[in-house]
Structure formats: C-alpha cells, structure tokens
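S.K.:
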Amino acid sequence: MMVPRLLCLALILAVGLVGSLASAGQLDVSISPRSLGINDVLRVQFIVDTQGDEFVAPTFDDWTVVSTQDTTFTSYSVTFINGRVQQSVSKRGRILFILSPKRSGKLIVPSAKLMRNGRVVRQTQPVTVVVRGGTTPNPSNPPGPGGQGGPAPNPNPTPNPNPNPSPSPNPTPNPTPNPNPNKQRTPDPSRTLDSMVGRPYFIFPRLSKRELYIGDQLALHYDLYMTGMAFRVTTDHEPEFKDFFVEKIDSGPQYWRRVYLKGIWYRKTTIKGVLLTPTKEGKLPVEPLSVRFYYDEPVALKTDALVINVKPLPKEGQPENFHWGNVARNVKIEASIDPPSGGLNERFIMTVTLTGTGNVRHFKLDPLGEWPNFQYMQRGSKLRDFRVEGDNFVGTQVYTITVVPTKAGKVSVPSIGFSYFNPATKRYEVARSKPIPLLVSGGNGPKSSDKDPRRPDVLREIQIVGNISTHHGKPFDQTALFYIVLAVPPFGFMMILVFSMLARRREANPEKFRQRQALSEARRRLKEVSRLQGKSSPAEFYSEMARVLTTYLEAKLGDDVKAKTQLDLKRLLELRGCAAETIEEVIMELENCDFGRFAPLGVRSDEMQRTFERIGSTLKKLDKELVVDANGEPREAARA
45 MMVPRLLCLA
55 LILAVGLVGS
65 LASAGQLDVS
75 ISPRSLGIND
85 VLRVQFIVDT
95 QGDEFVAPTF
105 DDWTVVSTQD
115 TTFTSYSVTF
125 INGRVQQSVS
135 KRGRILFILS
145 PKRSGKLIVP
155 SAKLMRNGRV
165 VRQTQPVTVV
175 VRGGTTPNPS
185 NPPGPGGQGG
195 PAPNPNPTPN
205 PNPNPSPSPN
215 PTPNPTPNPN
225 PNKQRTPDPS
235 RTLDSMVGRP
245 YFIFPRLSKR
255 ELYIGDQLAL
265 HYDLYMTGMA
275 FRVTTDHEPE
285 FKDFFVEKID
295 SGPQYWRRVY
305 LKGIWYRKTT
315 IKGVLLTPTK
325 EGKLPVEPLS
335 VRFYYDEPVA
345 LKTDALVINV
355 KPLPKEGQPE
365 NFHWGNVARN
375 VKIEASIDPP
385 SGGLNERFIM
395 TVTLTGTGNV
405 RHFKLDPLGE
415 WPNFQYMQRG
425 SKLRDFRVEG
435 DNFVGTQVYT
445 ITVVPTKAGK
455 VSVPSIGFSY
465 FNPATKRYEV
475 ARSKPIPLLV
485 SGGNGPKSSD
495 KDPRRPDVLR
505 EIQIVGNIST
515 HHGKPFDQTA
525 LFYIVLAVPP
535 FGFMMILVFS
545 MLARRREANP
555 EKFRQRQALS
565 EARRRLKEVS
575 RLQGKSSPAE
585 FYSEMARVLT
595 TYLEAKLGDD
605 VKAKTQLDLK
615 RLLELRGCAA
625 ETIEEVIMEL
635 ENCDFGRFAP
645 LGVRSDEMQR
655 TFERIGSTLK
665 KLDKELVVDA
675 NGEPREAARA
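Numbered according to the numbering used here, the sequence shown spans residues 45 to 684.
Take a look at the structure:
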C-alpha cells in the first residue's frame, strides 16, 4: 500500500518539475570573438524566449559597455478561468552588448539570468575570453575602424629600437577628462593641437599653411582624436568653401591609428581632406565642420571657424595682363607638329603640352601674337592626368593649334610661352617651347575661286556644301518593310494572348508563383546591391543583404521570418527539409548583417565582398534543400 503511494507522489513531483522547466523559458548566449586584442570590441548576444520571467543582465566588471541594442518584443495575453482573470507576459528576441576590455588577460563574461518571484529559473554559463596586449598597445599596429581590426601585421617586422617611448617625463596614461570638454567658447582660429590635448575627444583642422598667394594651394584635413572608441561617425555639416576652388583628397579607406600626445594615447582618424585654391585676396573665412558619433553617449562636435590670409601677387616684375591662375612650380612645356613637312597652304596640327604643379585647370598660355609666314587658329585645350599629390595639384594641359604656312621653303614655327609666378622663389618666370623647323614645298595647293569654302589657303568658318536630289526606288508594297509592317499586328495580338494566359495562371496560385520566383528575385536584388556596393555605406549594405535573405526565406517558407527567433527559424527550416549546416549558415549570416548594421566602422570592403559571396552561395543551397511545403508534402521540384 505504501509503495504505490510513493510511486504516485514521485510521479506527481516529476510532472511538476518537467512543467516548471518547460515554463522556465529559453536563455542562450552567443559571444564572438573568443580571443581579441586590447583595442578590439566583444560582441555578446543573449537570446531570450520566456513566459513572464524577468531578464537580468550581468554586471560587466572587467568590461566597458560601448553600446546596447534590445530587439526583444513583449506580448500580453489575458484569459478568464472560472471567473478569474489571468494575465501572462511573453518576451522573445535578442539583447546585444558591445563591450570593450578594460585590461588584458583572461576576462570573464558573467551569467545572465531569468528571474521569477525573486528566484533564478534559468541562467547562462560564464564564458572566459582571452584579451591580448597590454594597457599601452604597440602604436605600429593601429586598430581598424571603430577600434576593430586594422591593417594586417607585417610578417617580418623591423624591431623597434625604442619600444616604450616616453615623450613626457611624467606620462598620464589615464588622464582625468575635462567634465565639459567640447563646449564651444570664443572661436580661436590659431588654436594649436597641443592646446586641445587633454580632452577625451576633439576635432583638429590641420592646415598645410595659413598664409599663401592667390592661385596657390593648401591642404586642409579634419582629424578626429579620442581616447576611447567611437561608433557611427557621421558628418553633420560640411563647409561650403566659398571663394575657393576645391578638390577632394582621397585618403583611401578610413581607419584608426594610435598617436601619443603629451603623455596620452589617442586614436586618430581623418574625417575629410580637401585641397583649396583661393580665387580672391584678403582674409577668407572657412565655416566650421561638425560631426556626430556615439561614444559613451551620443556626441556632437564642431570645429572653430578658420581664417586664411590670401596675399595678392607682387606687382614687381608682373607681366602685362597676367592671369591669377598661373601660379605654378616645376613647369615644363613642349610643342610638336604633325606632319613634320608638307605643301604650301596645307593644314598642320600643332600640339602644345604644358605640365606643372599647381591648379592646372586654370593655366593659360601667353598671347600668341602675330606669326610671320603662318596663319593659325587655337582649337582649345584638354586636361589630362589631373590629380592630387601631397599638398598640390599635378596635371597636364594639352593645347591644339591649327597652323597653315603662307610661305614655301624652310620656315620655323615660333615658340609658345607660359608666364607664371613661382611661390617657392617668389618671382615671375617664363617657360618656352623650342621653335619647330618646318619644310614647306611650294605650289602644291589647289587653285580655285576665293568664293569656294573648300579652298585650303585660308582659315574660315565651317560652311555647308551640298545639293538636294530625288531618289526613285521600288514601290512600298514591294519592299521587305511592307511585309514586316503587315506581320506586326497578328504577332502582337498573339503575344498579348500569351501574356494574358500567364497572368491568369499567376493569379490562380500566387503563392506557388512567388515560391518559384524567389531565387530569381533574390538574384536580381543581389545585382542591385553589387552595383551600389562601392557607393553605399556599410550599414546600408548590410541592411540590404539582410533584407535579401529574409525576403527569400519568407517567399519560400510562406511565413514572417522577421518576427521569429533563431530557435523558431531553425525548427521551421528543419521541418522544411533543410540541412543542419545550411541552417547554421543562415543564422550566422543574419547575425553578421546585424553586427555590420550597428557597428559599421568595424567593417572593411573585403569583408563586405565576402559577405556578398557567402549569402549568394547560401541562397543556392536553400533553393535545393527547401523541398517540403507547409503541409509536409514534397514540392514539385523534388518530385521531378
């Protein structure tokens, strides 16, 4: 009698325990990477699926929380049982933490918990993460965007003779930041970099020169410094650079490098770089530049307004009617003529090549004046190899001149001059091409009336010479075009019938058509992403890649994928006959896209290309493996 009672009691306790565990919900953790550098960030993601339990985040003692993203959603339900109201709350989704290590060594990511009535019902296991490097990392290997990655290390590095530099006798590795470091006080255009050191973050406008001649060039770079890490750096307002000719300096992909200033380690990146050419004299202002980014909180920074002193060109030794744009260095001018010989009154093409350092777009040759024994006409110029080198423009102007000799024999085409002001020597200089000898044979030009516009012995405006004639051919009904026009109406009617039949079949079973077109639609969107890959930001790229993958899954599965947790999505893909390896690839790519959207500065172009290729391969696998519909029946593709 006693034994059956004990068995019944044990059975009741077991059922209650199973029910308690089943209602405790689901709590998983995903951490990447498991090994990182002192300047990198850690991605910790908690996956929550619970009924009424409270999520309690861990206390990250060894970590600095850079950012947090909570994508969970909560649903409420109310039921009436025997006249009593019962309310239940369910919570599911993901909670993402971006962490920065405070020190090196083996650091612990503590457990997160699900609490119910003050009692722990489920918790994650603590995870050990290895953090490499010391508190003062090697500046020869700077971190990448947002503090992550960076250029690949040199496999054979040169030993640093002074690996522990001490620019200051009393360095301050952890300075106390100014409580209000970025308050905009009275603008100081002459503010130096040393005067700004000590703040936790600041923007310094770096000028190659503050005083120059009109027509000369200066480089302006906006450098962002910070002691910690920033995310989502965006430009809020850019200067218009009035009274300047502007050319953007392409400094390549943005990355962070470490610099040591007055005993403090800073991360530095260049936000914008331009090359400016002033077009007027005087003190020219440059508007402030402002940016926004996420530090420990949203931050807005603004530079001081700049004033650039533009001096007029000296009057002493200045040629008459001198052009202000002819400010140059390293000038070289050459001339050639084609053909090297010919007959009287024939046209020759003279090419003048002008190369130099300066604003080559605005270079102008000296007036040609009168040429004895020649008539000429300038045909314009073409800019070639225009680029930015250092703090100056470099390029080539190619001028074309049509030359007609008016005297037979050995003649010489005059030299071409270019007068310019050299800022290095502060003097006016003249560069000239060499005269070109030309052998002209006499009496070979055609003799015709002066009224004939085709006469080659003079240069005149282009005139039209032509006549009107009537063409007699076959009648229209005997040509091939007649039969083509005759066949177009019936052929067009047949095409309309075919398209109408296809449209009716599509409307009869839209879900089936959508599933068939899922892969082709995904490929079309991938082509659009590929065209925009170099133009769009990393956040936009990863958002579009995630949209391509989720849209394909929704079309194939006939369900809303965005509203499902990872566990629900795994179960659904398993039910539809998808391989476990492919399911893991889908989950991993969705996580990578989420990380790329919320930490875009940590992404390089090669990583974006690899993501593009992986998602394309995953889509092909899914299309082969998704062979079971929502009712558990094989699809037509599998039957075939």
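Ideal Cβ placement from N, Cα and C applies to all residues, glycine included.
Would you mind giving the Cβ-Cβ distance between residue 439 and residue 368, rounded to the nearest angstrom? I have them listed as a contact below 8 Å.
M.R.: Contact doesn't hold; Cβ gap of about 18 Å is too wide.
S.K.: Do you know how far the Cα of residue 635 is from the Cα of residue 602?
M.R.: 22 Å
S.K.: Pair every Cβ in the region 420-434 with every Cβ in the region 474-483, then say whether three or more of these pairs are closer than 8 Å.
M.R.: no
S.K.: Look at the Cβ atom of residue 265, then the Cβ atom of residue 314, and state whether they are nearer than 8 Å.
M.R.: yes
S.K.: When DSSP labels each residue in this structure, what does residue 66 get in the three-state scheme?
M.R.: With a pLDDT of only 45 at residue 66, under 50, the local geometry of the prediction cannot be trusted, and no value is derived from it.
S.K.: In chain order, what residues of the same chain have a beta carbon less than 6 Å from the beta carbon of residue 377, not counting five sequence neighbours either side?
M.R.: 398, 462, 475, 477
S.K.: When you compare only the Cα positions, how much space is there between residue 523 and residue 563?
M.R.: Between the alpha carbons of residue 523 and residue 563 lies a gap of roughly 46 Å.
S.K.: Pull the bridge partners of residue 376 from the DSSP assignment, please.
M.R.: DSSP lists 399 as partners of residue 376.
S.K.: Suppose the cutoff is 8 Å on Cβ atoms and the five residues either side in sequence are ignored; what does the same chain contact list for residue 417 look like?
M.R.: Excluding residues within five positions, the ones whose Cβ falls inside 8 Å are 449, 450, 451, 455.
S.K.: Could you check where the alpha helix (DSSP H) with residue 353 kicks off and where it finishes?
M.R.: First-last for residue 353: 350-355, but that is the beta strand (DSSP E), not the alpha helix (DSSP H).
S.K.: Leaving out the 5 sequence neighbours to the left and right, which residues in its chain are closer than 8 Å to residue 107 when beta-carbon positions are compared?
M.R.: 86, 143, 144, 145, 146, 151, 153, listed in sequence order.
S.K.: In angstroms, rounded to a whole number, what distance separates the CA positions of residue 342 and residue 140?
M.R.: Going from the Cα of residue 342 to the Cα of residue 140 covers about 18 Å.
S.K.: Which ranges does the alpha helix (DSSP H) cover as unbroken runs of at least 4 residues, wholly within the region 583-645, from first to last along the chain?
M.R.: 610-619, 624-642
S.K.: Among all the DSSP beta bridges, which residues are the ones paired with residue 301?
M.R.: 312
S.K.: Could you spell out the range, first to last residue, of the alpha helix (DSSP H) harbouring residue 649?
M.R.: Per DSSP, residue 649 is one residue of the alpha helix (DSSP H) stretching across 649-669.
S.K.: Roughly how many angstroms separate the alpha carbons of residue 403 and residue 243, rounded to a whole number?
M.R.: Looking at the two C-alpha atoms, the distance is approximately 38 Å.
S.K.: Helix, strand or coil: how does DSSP classify residue 134 here?
M.R.: strand
S.K.: DSSP on residue 343, reduced to helix/strand/coil?
M.R.: strand
S.K.: For residue 301 and residue 245, I'd like the C-alpha separation in whole angstroms.
M.R.: Near 14 Å, if we compare the C-alpha coordinates of residue 245 and residue 301.
S.K.: Suppose you measure from the CA of residue 100 to the CA of residue 156; what does that come to, to the nearest Å?
M.R.: 6 Å
S.K.: I'd like to know whether the C-beta atoms of residue 575 and residue 592 end up nearer to each other than 8 Å.
M.R.: No, they are not a contact pair.
S.K.: For residue 303 and residue 175, what's the separation of their Cα atoms in angstroms?
M.R.: 21 Å
S.K.: Use the C-beta contact count for residue 527: other C-beta atoms within 10 angstroms, 16 or more gives buried, fewer gives exposed.
M.R.: exposed
S.K.: I'd like to know whether the C-beta atoms of residue 395 and residue 442 end up nearer to each other than 8 Å.
M.R.: yes
S.K.: Let me check understanding here. Comparing Cα to Cα, which of 581, 88, 326 lies closest to residue 355?
M.R.: 326
S.K.: By the 10 Å Cβ neighbour count, where 16 or more other Cβ atoms means buried, how is residue 384 classified, buried or exposed?
M.R.: Under this definition residue 384 is an exposed residue.
S.K.: Can you tell me whether residue 529 is buried or exposed, with buried defined as 16 or more other CB within 10 angstroms of its CB?
M.R.: exposed
S.K.: Got a sec, what are the start and stop residues for the alpha helix (DSSP H) residue 572 sits in?
M.R.: 562-575
S.K.: Please classify residue 640 as buried or exposed, where buried requires at least 16 other C-beta atoms within 10 Å of its C-beta.
M.R.: buried
S.K.: Rounded to the nearest angstrom, what separates residue 349 and residue 254 at their Cα positions?
M.R.: 13 Å
S.K.: For residue 659, count neighbouring Cβ atoms within 10 angstroms of its own Cβ and tell me buried if that reaches 16, exposed if not.
M.R.: buried
S.K.: Would you report the Cα separation of residue 669 and residue 305, rounded to the nearest angstrom?
M.R.: 58 Å
S.K.: Pull up the CB-CB distance for residue 136 and residue 92, whole angstroms please, since I reckon it's below 8 Å.
M.R.: 6 Å
S.K.: Could you check if residue 618 is buried or exposed, using at least 16 other CB atoms within 10 Å of its CB as the buried criterion?
M.R.: Exposed, by the Cβ-count rule.
S.K.: Does DSSP classify residue 319 as helix, strand or coil?
M.R.: strand
S.K.: With respect to the beta strand (DSSP E) encompassing residue 429, which residues constitute its N-terminal and C-terminal limits?
M.R.: 418-433
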